[in-house]
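A.B. asks: Have a look at this one before I ask anything.
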Amino acid sequence: MTYQIAPLFCRPWTLLGITPRLIESHYENNYGGAFTRLNAISAELAALDPATAPAHVIRRLKQDEAAALNSLALHEVYFASLGADGRVVPPVMADALARDFGSVDRWRREFVALANSLDGDPGWVLLGWLPRAGRLINHCICDGSQAVAGAIPLLALDMYEHAYHLDFGANAVSYIATFMRNIDWRAVHGRYEDAVGVQPPRPLVQEQFGDLPSVTVAEVQAMLDAGVPVQIIDVRPRHSSSRSPDMMQAAVWRDPDRVEEWMSELSKTEPVVAFCVYGFHVGCQAVTALRKAGYDARYMAGGHFAWKAIKGPVKLFEATTPA
Ligand SMILES: [Fe+2]
822 MTYQIAPLFC
832 RPWTLLGITP
842 RLIESHYENN
852 YGGAFTRLNA
862 ISAELAALDP
872 ATAPAHVIRR
882 LKQDEAAALN
892 SLALHEVYFA
902 SLGADGRVVP
912 PVMADALARD
922 FGSVDRWRRE
932 FVALANSLDG
942 DPGWVLLGWL
952 PRAGRLINHC
962 ICDGSQAVAG
972 AIPLLALDMY
982 EHAYHLDFGA
992 NAVSYIATFM
1002 RNIDWRAVHG
1012 RYEDAVGVQP
1022 PRPLVQEQFG
1032 DLPSVTVAEV
1042 QAMLDAGVPV
1052 QIIDVRPRHS
1062 SSRSPDMMQA
1072 AVWRDPDRVE
1082 EWMSELSKTE
1092 PVVAFCVYGF
1102 HVGCQAVTAL
1112 RKAGYDARYM
1122 AGGHFAWKAI
1132 KGPVKLFEAT
1142 TPA
């Protein structure tokens, strides 16, 4: 396949403090260069036999392909970020910045500080939308660091010397300030509207237990921190304790094969959280039985290992009912 080049998104003659000569050179030589490289790399990859190609060749080509793809995509957002006065932020965009950074001004200070922190080193400074977290994020790609996977770029600041040297010499600080005074917030807002329509990765679906209420480990931790009375039951099969000799500190262990025997010990007025090793069948089946009997029970998604993964407090495994 071949990639297509995009026309220049900004109108160079409208920019304040950035000359058309700089934009033209940037578009033609650097954006155009990335485009040419990308298609050359794609052709090389297509001609390659992956079964016989030396490992270092395929590795280098894929790294070069990623670099060229990022360069192409981010240059397009960079040019499309320019063209207005940088001041009037549409209300929806301003609200989103305030929600995720505290205020527009706080966002601006962080973004500029991040750009200045590169201290003349090449890289990209980006405002992106992260569907997985449902929030905006400032991040940079520099010093060989990677782009944040899944972050959709809304605003891009090119910190490679070729982006400013013609007009600003080595004065990156002045270039950054000038960039901020040329941001086209309406265009950024348009990209934001598109980005928020992107769904986060699908959560785990357990069709067999689709209607069964669950609770996350973070929610359980918050309940415990807040002192909410909650009955937490570890229903891992007994043999799993030999593989993982610890257990959630706030939990008691009960044999999942004897739910009917021990459920009468529980209070029906306080919520019950039950979990197994990974949060699949065993915990769900115990919760199903408890709910059938009238308990306000939910299973803890991710089970014992999700609790361990958030570094929730644990204790040595103790079996509190006879085997
Ligand atoms: Fe560039």
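In my numbering, each residue's number is its place in the sequence shown (first place is 1) plus 821.
Just so you know, even glycine gets a beta-carbon here, dropped at the ideal spot from N, CA and C.
Predicted model only: the values in this text are computed from it and were never measured.
Residues in the same chain with beta-carbon distance under 7 Å from Phe856, minus the five sequence neighbours each way, listed in chain order, please.
C.D. replies: Sequence index remark: in the sequence shown, residue 856 carries index 35 (1-based). Hits under 7 Å: Tyr824, Ile826 and Leu893.
A.B. asks: What distance in whole Å lies between the Cβ atoms of Lys1136 and Gln1070, which are believed to be in contact at a cut-off of 8 Å?
C.D. replies: As a position in the sequence shown, residue 1070 is number 249, starting the count at 1. As a position in the sequence shown, residue 1136 is number 315, starting the count at 1. At roughly 5 Å, the Cβ-Cβ gap stays under 8 Å, so Gln1070 and Lys1136 are in contact.
A.B. asks: Can you give the Cα-Cα distance for Leu972 and Trp950, rounded to whole angstroms?
C.D. replies: As a working note, residue 972 is residue 151 in the sequence shown. As a working note, residue 950 is residue 129 in the sequence shown. For the record, residue 972 in the displayed sequence is Ala; it is not Leu. Cα to Cα, Ala972 sits roughly 5 Å from Trp950.
A.B. asks: Would the segment 964-982 count as touching the segment 940-956 if we require 3 or more Cβ pairs under 8 Å?
C.D. replies: In short, these stretches touch, since the Cβ pair count reaches three.
A.B. asks: In the segment 865-909, which residue ranges form an unbroken alpha helix (DSSP H) of at least 4 residues, counting only runs that do not cross its ends?
C.D. replies: Within the segment 865-909, the complete alpha helix (DSSP H) runs of at least 4 residues are 876-902.
A.B. asks: In chain order, what residues of the same chain have a beta carbon less than 8 Å from the beta carbon of Leu829, not counting five sequence neighbours either side?
C.D. replies: Indexing the sequence shown from 1 puts residue 829 at position 8. Taken in chain order, the residues that qualify are Ile844, Tyr848 and Phe900.
A.B. asks: Considering only heavy atoms of ligand 1, list every residue whose Cβ is less than 7 Å from one of them, following chain order.
C.D. replies: Output, sorted by chain position: His847, Asn851, Tyr852, His896, Tyr899, Asp979, Tyr981, His983 and Ala984.
A.B. asks: Would you decide whether Ala1019 is buried or exposed? Buried here means 16 or more other CB atoms lie within 10 Å of its CB.
C.D. replies: On the sequence shown, position 198 is the one that residue 1019 refers to. A small correction: the amino acid at residue 1019 is Val; Ala does not occupy that position in the sequence shown. The residue in question, Val1019, is exposed, as its Cβ has fewer than 16 Cβ neighbours within 10 Å.
A.B. asks: Suppose you measure from the CA of Ala1144 to the CA of Arg1059; what does that come to, to the nearest Å?
C.D. replies: Here residue 1144 is taken as the residue at index 323 of the sequence shown, counted from 1. Here residue 1059 is taken as the residue at index 238 of the sequence shown, counted from 1. For Ala1144, the pLDDT reaches just 43, beneath the cut-off of 50, and the residue's location in the model is therefore unreliable, although a value from the coordinates is still provided. The straight-line gap from Cα to Cα measures roughly 8 Å.
A.B. asks: In the structure shown, what three-state DSSP assignment does Ile1004 receive?
C.D. replies: To locate residue 1004, count along the sequence shown from 1; it is residue 183. Strand at Ile1004.
A.B. asks: To the nearest angstrom, report how far apart Asp885 and Ala984 are at their CA atoms.
C.D. replies: Here residue 885 refers to the residue found at position 64 when the sequence shown is read from its first residue. Here residue 984 refers to the residue found at position 163 when the sequence shown is read from its first residue. About 21 Å.
A.B. asks: Using the Cα positions of Ala1107 and Lys883, report the straight-line distance between them to the nearest angstrom.
C.D. replies: If you number the sequence shown from 1, residue 1107 lands on position 286. If you number the sequence shown from 1, residue 883 lands on position 62. So the two alpha carbons sit approximately 48 Å from each other.
A.B. asks: Quick check: what's the CA-CA separation for Arg920 versus Val1080?
C.D. replies: Residue 920 sits at position 99 when you count from the first residue of the sequence shown. Residue 1080 sits at position 259 when you count from the first residue of the sequence shown. Each residue's Cα considered, the two are about 45 Å apart.
A.B. asks: Comparing C-alpha positions only, which one of Ala934, Leu1033, Ala915 and Val1041 sits nearest to Asn959?
C.D. replies: Your numbering for residue 959 matches position 138 in the sequence shown. When only C-alpha atoms are compared, the closest one is Ala934.
A.B. asks: Tell me which residues share the same chain as Pro1022 and place their Cβ nearer than 7 Å to its Cβ, disregarding the 5 neighbours each side in the sequence.
C.D. replies: Residue mapping note: residue 1022 aligns to position 201 of the sequence shown, counting from 1. Correct list, in chain order: Arg953.
A.B. asks: Alpha carbon to alpha carbon, what distance is there between Phe1138 and Asn937?
C.D. replies: Counted from its first residue, the sequence shown places residue 937 at position 116. Counted from its first residue, the sequence shown places residue 1138 at position 317. Roughly 51 Å separates the two Cα atoms.
A.B. asks: Would you decide whether Ser1088 is buried or exposed? Buried here means 16 or more other CB atoms lie within 10 Å of its CB.
C.D. replies: For the purposes of this step, residue 1088 is taken as residue 267 along the sequence shown, with counting starting at 1. By the 10 Å Cβ count, Ser1088 comes out exposed.
A.B. asks: Less than 8 Å between the beta carbons of Gly1123 and Val1038, yes or no?
C.D. replies: Residue mapping note: residue 1123 aligns to position 302 of the sequence shown, counting from 1. Residue mapping note: residue 1038 aligns to position 217 of the sequence shown, counting from 1. Yes; because the gap between Cβ atoms is below 8 Å, this pair is in contact.
A.B. asks: Are the beta-carbon atoms of Pro911 and Trp1006 separated by less than 8 Å?
C.D. replies: Here residue 911 is taken as the residue at index 90 of the sequence shown, counted from 1. Here residue 1006 is taken as the residue at index 185 of the sequence shown, counted from 1. Contact flag set, yes.
A.B. asks: What does the alpha-carbon distance come out to for the pair Val909 and Arg858?
C.D. replies: As a working mapping, residue 909 is identified with position 88 in the sequence shown. As a working mapping, residue 858 is identified with position 37 in the sequence shown. About 37 Å.
A.B. asks: Applying the 10 Å Cβ sphere with the 16-neighbour rule, what's the burial state of Arg832?
C.D. replies: Here residue 832 refers to the residue found at position 11 when the sequence shown is read from its first residue. Looking at its Cβ environment, which holds fewer than 16 other Cβ atoms inside 10 Å, Arg832 is exposed.
A.B. asks: Compare the C-alpha of Asp979 against each of Ser902, Ala1047, Ala1110 and Ile1054 and name the closest.
C.D. replies: Along the sequence shown, read from residue 1 onward, the residue named residue 979 stands at position 158. Comparing Cα positions, the closest option is Ser902.
A.B. asks: Would you mind sorting Gly904 into buried or exposed? The rule is 16 or more other CB atoms within 10 Å of its CB.
C.D. replies: Position 83 of the sequence shown, counted from the start, is the residue given in the question as residue 904. The residue in question, Gly904, is buried, as its Cβ has 16 or more Cβ neighbours within 10 Å.
A.B. asks: Let's see if you can read the secondary structure: which residues bound the alpha helix (DSSP H) around His787?
C.D. replies: With the chain covering only 822 through 1144, there is no way to say anything about residue 787.
A.B. asks: Less than 8 Å between C-beta atoms, sequence neighbours within five positions excluded: which residues of the same chain meet that for Leu837?
C.D. replies: By 1-based counting over the sequence shown, the position of residue 837 is 16. The residues are Asp906, Thr999, Arg1002 and Asn1003.
A.B. asks: Per DSSP, Cys961 forms a beta bridge with which residues?
C.D. replies: Locating residue 961 in the sequence shown gives position 140, where the first residue counts as 1. Val946.
A.B. asks: Spatial neighbours of Arg1112 within its chain, please: CB distance less than 6 Å, with the 5 preceding and 5 following residues excluded, ordered by chain position.
C.D. replies: Residue mapping note: residue 1112 aligns to position 291 of the sequence shown, counting from 1. Around Arg1112: Ala1118.
A.B. asks: Just to confirm before moving on: does the CB-CB distance between Val1073 and Ile1054 stay below 8 Å?
C.D. replies: Counted from its first residue, the sequence shown places residue 1073 at position 252. Counted from its first residue, the sequence shown places residue 1054 at position 233. Their beta carbons are under 8 Å apart, which means Val1073 touches Ile1054 by this criterion.
A.B. asks: Starting from the Cα of Asp1067, find the closest Cα among Met914, Asp1032, Thr840 and Lys1129 and give me that residue.
C.D. replies: Here residue 1067 corresponds to residue number 246 of the sequence shown, with the count starting at 1. Among Met914, Asp1032, Thr840 and Lys1129, the Cα nearest to that of Asp1067 is on Lys1129.
A.B. asks: Let me know if Ser1035 comes out buried or exposed under the rule of 16 or more other beta-carbons within 10 Å of its beta-carbon.
C.D. replies: Counted from its first residue, the sequence shown places residue 1035 at position 214. Buried, because 16 or more other Cβ atoms sit within 10 Å of the Cβ of Ser1035.
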